[in-house]
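Counted from 1, the sequence shown has number 117 at position 117 by the numbering used here; the numbering is strictly sequential. Where is the CB? At the ideal position from N, CA and C, for every residue including glycine.
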Amino acid sequence: MNAVLKPIEAQFEAMTPAWLEAVARVEQSAYEHPWSQGNFTDSINAGYQAQLLTAGVPPEAELLGYFVAMKGVDEVHLLNITVAPAHQQQGWARVLLDALVLWSRGQGAQWLWLEVRVSNTRAKAVYEHYGFRHVGTRRNYYPAGPAGASKREDAIVMSFAL
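Right under this line is the structure:
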């Protein structure tokens, strides 16, 4: 007998300080070099677009993923997009990107930019499948190896025409 998966009803909401501990937990579980809770606080305080994708109703709502983006003159720069590890490979990254693109277009942006680690083949594949194009490389952009190590990793710069 095959198990039937119950559909998840998801919704977007603004990232607020009340969610920062949950965001930091997801970030820690998803990355070797995660953003700190302070990075998210600073992003909210700077007025960046910071959205959560959640399932369920508060206070039991579950964090599926989030993104943080910075608006420029005619562009948006994606700073962080993360799907909680327990919900990866279920299409939530596309949902997050769709929401980001919709918001960016509403802001009058013409381009969406991001950097991705050279080693992050899964994320690169998601972005390429979505329509992002490799437009450059930032040498030694990301920290690599154990914390405190001086090793660095290149970033691929990608863009998406809105």
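Looking at the structure shown, is residue i part of a helix, part of a strand, or coil, going by DSSP?
i: residue 192; result: Because residue 192 is not part of the residues shown, which for the chain are 1 to 162, the question remains open.
i: residue 21; result: helix
i: residue 81; result: strand
i: residue 27; result: helix
i: residue 73; result: coil
i: residue 91; result: coil
i: residue 64; result: strand
Rounded to whole angstroms, how far is the Cβ of residue i from the Cβ of residue j, which I believe are closer than 8 Å?
i: residue 90; j: residue 67; result: Actually they are not in contact, since the Cβ atoms of residue 90 and residue 67 sit about 16 Å apart, beyond 8 Å.
i: residue 29; j: residue 85; result: 5 Å
i: residue 10; j: residue 78; result: Their Cβ separation, rounded to whole angstroms, is 19 Å, which puts residue 10 and residue 78 out of contact at 8 Å.
i: residue 155; j: residue 138; result: 4 Å
i: residue 83; j: residue 69; result: In fact, because the Cβ distance is near 16 Å, the residues do not count as touching under 8 Å.
Looking only at its chain, what residues have a beta carbon closer than 7 Å to the beta carbon of residue i, apart from the 5 residues adjacent to it on each side?
i: residue 143; result: 33, 152
Here's the rule I'm using: 16 or more other beta-carbon atoms within 10 Å means buried, otherwise exposed. How should residue i be labelled?
i: residue 80; result: buried
i: residue 121; result: exposed
Indicate whether residue i and residue j have their beta-carbon atoms separated by less than 8 Å.
i: residue 20; j: residue 54; result: no
i: residue 76; j: residue 102; result: no
i: residue 15; j: residue 23; result: yes
i: residue 74; j: residue 110; result: yes
i: residue 132; j: residue 104; result: no
Once the 5 residues before and after residue i are set aside, which same chain residues still bring their CB inside 6 Å of it?
i: residue 130; result: 97
Could one say the Cβ of residue i lies closer than 8 Å to chain B's Cβ atoms, at least one of them?
i: residue 14; result: You won't find chain B in this structure, because it holds only one protein chain.
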